[in-house]
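> In the numbering used here, the protein residues as written are 17 to 296. No residue lacks a Cβ here, since even glycine has one placed at the ideal position from N, Cα and C. Keep in mind it's a predicted model, so treat the numbers as computed, not measured.
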């Protein structure tokens, strides 16, 4: 990065909605070969010519009013993903959420097997109701999104690439379901090598790598819901670890709202029904 970009260029601008973790750029700057800033404004380096000497960071607030535009729910009385009852519980949670929103939903997964499982369980009854139930892999992404936008009650079951780079404005998408926290597979070679490097120097690879990378992916997924100042909808997190594990606070703090309904599923669904029944 230094040889190809930082040194030759007088100015480099890196911008995205998902560069920070917990309001800080530390993880992104480490990944791109820059030092984390001490005060959010400037980093000094002892090495002459280090590009970090020119570093400035700026985090801007969202232009959207998430407190009014979005309902965010995270039920805690549900099994964790590794529990044998997780799939059965997830099926019912998805069913109830989609009934409240009348479809208009992305259901995002972190594995193809779970996506296939939930699609197989839920597609028949939803299709009988006249809903268009789509699944990643049926056709290319562009065609899926065009069909989704045009349908009266669309539901899309998807994974991987649909967590980012997808833009569906308006009423077509009103419900976003994140079925699991998007941790990467620890045995993936590049991730495994990076984790080993961190651990060898005495660091904590879970805290410094695993969690931050999942938080950024989580923010990307959440960002599919509200794409304009007139969008409105619900985002539901069906992985209880976001509220029950110590690292879960990093995920919740990464969201652009503090109005998050954390509690029992029954209470969350009641609040979700009120949200959809209220005036936009």
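In this structure, what does DSSP give as the bridge partners for residue 125?
As a working mapping, residue 125 is identified with position 109 in the chain shown. Its beta-bridge partners are 175.
> Take residue 125 and list the residues in its own chain whose beta-carbon comes closer than 8 Å to its own, dropping the five residues that flank it on each side.
Here residue 125 refers to the residue found at position 109 of the chain shown. Excluding residues within five positions, the ones whose Cβ falls inside 8 Å are 131, 134, 173, 174, 175, 195 and 196.
> Starting from residue 268 and walking both ways along the alpha helix (DSSP H), at which residues does that stretch end?
Sequence index remark: in the chain shown, residue 268 carries index 252 (1-based). 264-269 is the span of the alpha helix (DSSP H), which, as asked, contains residue 268.
> Could you pull out every residue in the same chain whose Cβ sits closer than 6 Å to the Cβ of residue 62, ignoring the five residues on either side in sequence?
Numbered from its first residue, the chain shown carries residue 62 at position 46. Because residue 62 sits at a pLDDT of 44, beneath the cut-off of 50, its placement in the model cannot be relied upon, and the following sentence gives the value as read from the coordinates. Around residue 62: no qualifying Cβ.
> When burial is assigned at 16 or more other CB atoms within 10 Å of the CB, is residue 206 buried or exposed?
Sequence index remark: in the chain shown, residue 206 carries index 190 (1-based). By the neighbour-count rule (16 or more Cβ atoms within 10 Å), residue 206 is not buried but exposed.
> Measuring alpha carbon to alpha carbon, tell me which of 34, 235 and 113 ends up nearest residue 291.
Position 275 of the chain shown holds residue 291. Ranking the options by Cα distance to residue 291, first place goes to 113.
> Just checking my contact of residue 170 with residue 119 at CB under 8 Å: how many whole Å lie between their CB atoms?
Taking the chain shown and counting its residues from 1, the one referred to as residue 170 is at position 154. Taking the chain shown and counting its residues from 1, the one referred to as residue 119 is at position 103. Residue 170 to residue 119, Cβ: 6 Å. Contact.
> Going by the CB atoms, is the gap between residue 91 and residue 281 shorter than 8 Å?
Start at 1 with the first residue of the chain shown, and residue 281 comes out as number 265. Start at 1 with the first residue of the chain shown, and residue 91 comes out as number 75. Contact flag set, yes.
> With DSSP as the reference, please indicate the residues paired to residue 249 in a beta bridge.
By one-based count along the chain shown, residue 249 stands at place 233. 86, per the DSSP bridge assignment.
> Which full runs of the alpha helix (DSSP H) of 4+ residues lie inside the segment 110-158, going along the chain?
DSSP runs (the alpha helix (DSSP H)) wholly in the segment 110-158: 128-144.
> Give the DSSP-derived three-state secondary structure of residue 165 in the structure shown.
Residue numbering aside, residue 165 sits at position 149 when the chain shown is read from its first letter. Of the three classes helix, strand and coil, the one that applies to residue 165 here is helix, per DSSP.
> From the DSSP output, in three-state form, read off residue 160 for me.
Counted from its first residue, the chain shown places residue 160 at position 144. Helix.
> What do you reckon, is the C-beta of residue 50 under 7 Å from a heavy atom of the ligand ZN?
Inclusion of the ligand ZN in the displayed structure is not the case, the ligand content being empty and no account of it being possible.
> What does residue 37 pair with, by DSSP beta-bridge criteria?
Counted from its first residue, the chain shown places residue 37 at position 21. DSSP output for residue 37 lists 40 as bridge partner(s).
> Hey, how far is the Cα of residue 56 from the Cα of residue 81?
Taking the chain shown and counting its residues from 1, the one referred to as residue 56 is at position 40. Taking the chain shown and counting its residues from 1, the one referred to as residue 81 is at position 65. Caution applies to residue 56, whose pLDDT of 41 falls short of 50 and renders its modelled position unreliable; the model cannot decide the point.
> If you reduce the DSSP assignment to three classes, tell me which class residue 279 lands in.
For the purposes of this step, residue 279 is taken as residue 263 along the chain shown, with counting starting at 1. In this structure, residue 279 counts as strand in the three-state DSSP scheme.
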